[in-house]
Amino acid sequence: MPLDTSTYGLALLRVDGRRWNELRRIHAQIRTQAAADGSSYLEMGHTKVMCVVTGPSEPGPRRGAAGGAAGGGGGAGGQSKDAEVVVNIVIAGFSSVDRKRRGRGDKRTLEMQSTLANTLAATLHTHLFPHSQINISLHVLSQDGSLLAALINAATLACVDAGIPMTDYVTACTAGSTSTYAANDEGADPLLDLNHQEEQELPGLTVATLGDSDRVVALVCESRVQISRLEGMLAVGVDGCKQVREILDQVIKAQGQKMILEGTVDKGTGLNDMDLD
Amino acid sequence: MPITILPPKQTPQPSLPPHDIDSDSDSSSSNGGADLSLSPPSRKSHNNNNNNPLFTNLVTPGTLITPDPQWMRGHGTYIPPSHPHTIFSSLAGITTRTNKLISVTPLRSRYTPEVGDLVVGRIIEVQAKRWKVDINSTTLASLPLSAINLPGGILRKRTETDELQIRTFFSEGDLLVAEVQSLFQDGAAVLHTRSLKYGKLRNGLFVAVSGQSGGSGVVRSRRQVWTMEGRNGGGKMDVILGVNGYVWISKHVETIAKELEQKHMGITNMEENVSAGVYSSQNDGIDGGTMREMARLRGVVVALVENGCRVDEDMILRGYEEACEMALMMGEGGVEDVYLGGERGEELVRGLRGR
Amino acid sequence: MAQQQQHVLLSPAELAYLHSSLSLTPPIRPDGRSATQFRPLSAETGILPGTNGSARVCFADGTEAIVGVKAEIERTKRRWDDDGVYRENAQQHQEQEGEGKEGEGQEGSGDWVELTVEIPGLRDDDSGTAFLGRMLGEALLADGGFVGRLRVNRRFHWKVFLDILLISPPLSYPLPLLSLTTHLALLATRLPKLKSEGDEDPFFDDDWAAARYLYARDPVTKKVVERPPVTLLVMAVGGNIIFDPSKEELAVADVALAVSIGDDATATKTKEDEMEVDSSSGRNLKLLSIRTVDPPSRLTPPGVANAANSAYGHAQVVNTAATQKMPEARQTESEAVEGVWKPPRGGAKASVMGALVQKVLVKGGVADEVLDALEGVDTS
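Chains as they are written, first to last, in full-length UniProt numbering: chain A, 1 to 277; chain B, 1 to 355; chain C, 1 to 380.
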């Protein structure tokens, strides 16, 4: 039990020393790969994820049933009026404590690919690039809980880096509850950002929101939890997403500022500048 | 030293320690929601750079630009259905204003074709009456059979024979220089090569530089094509900077003068003779000196891109002179030393910026 | 676009230009490097604290690879002739016939190493990926001594899992990049220190700082006693031998070889007394394997000479007569026309291959410098 209830009750500290509403250390970088259209590297605690985005570009040859195992596709098909978002997740064998090799056809991986593709297809302005394909390739280097959330955040960062227009950042976070299903425990606290131990033992969910608003883009819950706890967890998760958005925004802004200072981009003209004739 | 292994570049530490965010969490959640103010909202942060006037036009996706209905929206922006007349940014980039039109140019994006651009492209697919050309954009451009010059300056309607022999003109993998004639509705370009200066490329080498707007890439300068004199015994070289980031460096071949001299033909037959060889795949002989200078020039272009400089005629010419001087002063092999990767490239760019 | 990346697309004119440029003496490479110069790369180790050893290598053009090494204790299968000392030489041929690297129920100690390669955009069982995995694994096992380091006692051994990830799409032939990264990861791999003795159930020291390197360091000189193998890509074109070819250069190669080299342990031992200060002349290299690589040049379409090009020079009287006779069929097969690309035919000459291997192995040559440079990477 990661939350030895006696200890938690005393100091309200989790196993890694955090309080109920604290995120783990997030470290994010973009432009990690020069050759790709967009790339990013994200760490949420010990969960480390790399993302590479190619596109929008010409779609590959029509993937029929034969290529079905290669990746989930979101949005409309490749030949229709929207760009198709194709996600590919590779979970490295060394990512977990025990070395475990996952094949490409692993069902959990396929499901994550599909969730991610649908989430992004709903946010990216795919109608601007008909008959094209956006390829998102993710590599999981280390897992310590909140994997889907980290993947969504890394994919968002990489898409912003690639210059693909979108409605807003899609940020994700996990939330859990200190009480188990059966306990009739009124004092149960919701927890923000679960690590691997907590994820295995406590009920939790992954929620992704759009930018600063409360609009939920994706919600994944695979454990059993009492319905009364759900609202608390959701509120904590959404708040965590907003915090994550702040951090990701700072990373993008820092890159933009660096480019302006180096002179690679113009400083632009805004609303308040003098009239140009 | 044949192999150089560098330590990885230090990544700048994020200026935002996570604990500060947490202590602000309660207050920032109450600030959630878009500010409706005229200037781009300054997000609550500890980075003082946000107030720097240099950065006021930097926006990120989902940032409100203005709620004022007098503005029209351009590329890189959108109006959400829930808030009509408010313009939001959909990209990370810089706002630009032209009269009443607000648009956002991204920090980095794929090449988007515009009418009149000079582009270098590679044939990917040969279809019934046209070719599909890769111009480093979101979709393949198309080059119709009717949009090319027939060799010898012949003016006639294309027949079925032409369609059957379509590969004699351009085949898969061929490089060509063309101009964007028009755009389809979805943004795909339609190319044409109806001029003496366009056509199949040979006698040279190809470089692809990535990035277009903002991020280091080829810019739309006044002269995209020029001829320059090579130093150290090299001959004349042609440089073609495609706006899409594809660059072609080749040996300058004096076709017109040579043909006129040999055949004693008049000006009226010039076009016939010049375009006689336009679909040839055979290289003319090139001497080692010219090849060396072309490799040096290629190195200059790549070094400029890798170190974040603009790539246009002026920079390339200056870079080439600097590279020649560097080779004389520092290279072990003297003028033979052409290598400009890694550190040598950085030195080159530093030298250029210093001037 | 994933399928197209396997075959680099160049026009016949470009190929002819590259071929003549690389055939000059000295060869002029498109990026200006000398024939023995490698592209600059950045390398770091120890990036994944959850693994026994890890490394990441990036080339300047953006290709990137990450390798992680994990080790687990496994019970040794009993063998008939178990005498406590394992020799692989007799087992080599058997392992290389079947899926030796995966170790599915095979006898012999080659199955103590499991190596997987992941390339984005390709399926697991893609032939190119499987072949890459075989080549990398074979170089490791051909060493002979590697598997011996994994032995704990007669009943237990370490099973080592090498997971090789290519992060960027395969723009150029990924073998040398993956091999360099694997080499570095192995150099940085550490195994916990054994505290048990004899054949009892093994237990280890919890202190990671006490862990010993898989490739032991000499306590005096702090240098690696015997280095892991490395595989280099070498090509020959028009009489020149070129190292670390880029994808354009490979496209015009006459011959391309993947050469695996390792330290010659026996030779190193005899030289210990001489206390060579200059390590490059104190180490002998031995050839572990050679694999021919089918260069993409063979798949390229030939260029068409002007004389046979029906789109060339309709206005000229001379050529019209020539094209009417339809000699194209004969002309494309005849001797090479200058400036027209012809894909290479036939195999490599034995003398060319010999020269290639010689150039790689010569003392103080390219292989030595590569291995020394790799050793210089900080693996603490």
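Cβ atoms here follow ideal geometry from the backbone N, Cα and C, with glycine treated the same way. None of the values given here were measured: they were computed from a predicted structure.
Short Cβ contact (8 Å threshold) for residue i with residue j
i	j	result
residue 357 of chain B	B/VAL120	Only positions 1 to 355 of chain B appear in this structure, which leaves residue 357 of chain B out of reach.
C/ASP31	C/SER246	yes
C/ALA258	C/VAL293	yes
A/GLY270	B/THR56	yes
B/GLN185	C/ALA305	no
A/ASN88	A/LEU120	no
A/ALA149	A/THR109	no
B/LYS200	B/LEU164	no
residue 394 of chain C	C/ILE242	It is not possible to answer for residue 394 of chain C, since the shown part of chain C is limited to 1 through 380.
C/GLY68	C/ALA211	no
B/ARG194	B/ALA147	yes
B/THR105	B/ILE94	yes
B/GLY341	C/ALA367	no
C/GLU249	C/LEU18	yes
A/CYS241	A/ALA155	no
C/SER42	C/CYS58	yes
Bridge-paired residues (DSSP) for residue i
i	result
A/GLN133	A/SER57, A/GLU84
B/ILE240	B/VAL225, B/TRP248
A/GLN29	A/TYR41
A/CYS221	A/LEU205
C/ARG151	C/HIS157
C/HIS19	Answer is none; C/HIS19 lacks a bridge partner.
B/TRP131	B/VAL126, B/LEU143
B/ALA189	B/LEU183
C/ILE47	DSSP, once it has assigned bridges, lists no residue as partnering C/ILE47.
A/HIS139	A/MET50, A/VAL90
B/TYR339	DSSP lists no partner for B/TYR339.
C/CYS58	C/SER42, C/GLU64
C/ASP263	C/LEU285
A/ILE260	A/ILE260 pairs with nothing; no bridge assigned.
Within-8 Å CB hit, residue i to chain C
i	result
A/ASN88	yes
B/GLU306	yes
A/SER132	no
A/LEU141	yes
A/ASP16	no
B/THR4	yes
B/ARG296	yes
B/TYR339	yes
A/MET44	no
A/GLU262	no
Minimum Cβ-Cβ distance from residue i to chain B less than 8 Å
i	result
residue 381 of chain C	Residue 381 of chain C falls outside the range modelled here, since chain C spans only 1 to 380, and no answer is possible.
C/PRO296	no
C/VAL360	no
A/GLY60	no
Chain A contact for residue i (CB, 8 Å cutoff)
i	result
C/ARG29	no
B/SER27	At B/SER27 the pLDDT is 33, less than 50, meaning the model places this residue with poor confidence and gives no usable figure here.
B/ASP314	no
B/PHE55	yes
C/PRO120	yes
B/SER37	Unreliable placement is indicated for B/SER37, whose pLDDT of 33 sits below 50; the coordinate value is still reported in the next sentence. Not an interface residue.
B/ALA92	yes
B/ASP176	A small correction: the amino acid at residue 176 of chain B is Leu; Asp does not occupy that position in the sequence shown. No, because no Cβ of chain A sits closer than 8 Å to the Cβ of B/LEU176.
Residue i Cβ short of 7 Å to the ligand COA heavy atom set
i	result
B/PHE170	The ligand COA is not among the ligands present in this structure, which contains no ligands whatsoever.
Task: Under 7 Å (Cβ pairs) to chain B, residues found in the region 134-166 of chain C - done: Answer in chain order: no residues at all.
Open item on the list: As an exercise, report each continuous alpha helix (DSSP H) stretch of at least 4 residues that is fully enclosed by the region 153-197 of chain C, in chain order.
Closed with: Complete alpha helix (DSSP H) runs here, min 4: 175-188.
Task: Segments assigned beta strand (DSSP E), at least 3 residues, entirely inside the region 149-211 of chain A - done: Taking 3 residues as the shortest admissible run, the region 149-211 of chain A contains the following complete beta strand (DSSP E) segments, listed from N- to C-terminal end: 170-177, 190-192, 204-210.
- [ ] Name, going along the chain, the residues of the region 185-202 of chain C whose beta-carbon falls closer than 8 Å to a beta-carbon of chain B.
- [x] Correct list: empty, as no residue qualifies.
Open item on the list: At a CB distance below 8 Å, what residues from the region 26-40 of chain A approach chain C? Give them in sequence order.
Closed with: With the criterion set as a beta carbon lying under 8 Å from some beta carbon of chain C, the members of the region 26-40 of chain A are GLN33, ALA34, ALA35, ALA36, in sequence order.
Task: Near-chain B residues of the region 17-48 of chain C (beta-carbon distance less than 8 Å), N- to C-terminal order - done: Within the region 17-48 of chain C, the qualifying residues are TYR17, LEU18, SER20, SER21, LEU24, PRO26, ILE28, ARG29, PRO30, ASP31, GLY32, ARG33, SER34, THR36, GLN37, PHE38, ARG39, PRO40, LEU41, SER42, ALA43, GLU44.
- [ ] Could you please tell me which residues of the region 100-123 of chain B, in chain order, have their CB closer than 9 Å to any CB of chain A?
- [x] Going along the region 100-123 of chain B in chain order, one finds ILE102, VAL104, THR105, PRO106, LEU107, ARG108, SER109, ARG110 with a Cβ nearer than 9 Å to chain A.
TODO: Quick one: which residues of the region 185-197 of chain B get their C-beta closer than 7 Å to a C-beta of chain A? List them in chain order.
DONE: From the region 185-197 of chain B, only ASP186 have a Cβ closer than 7 Å to chain A.
Task: Interface positions of the region 161-174 of chain B facing chain C (Cβ-Cβ less than 9 Å), listed along the chain - done: Per Cβ criterion, the list reads GLN165, THR168, PHE169, SER171, GLU172, GLY173, ASP174.
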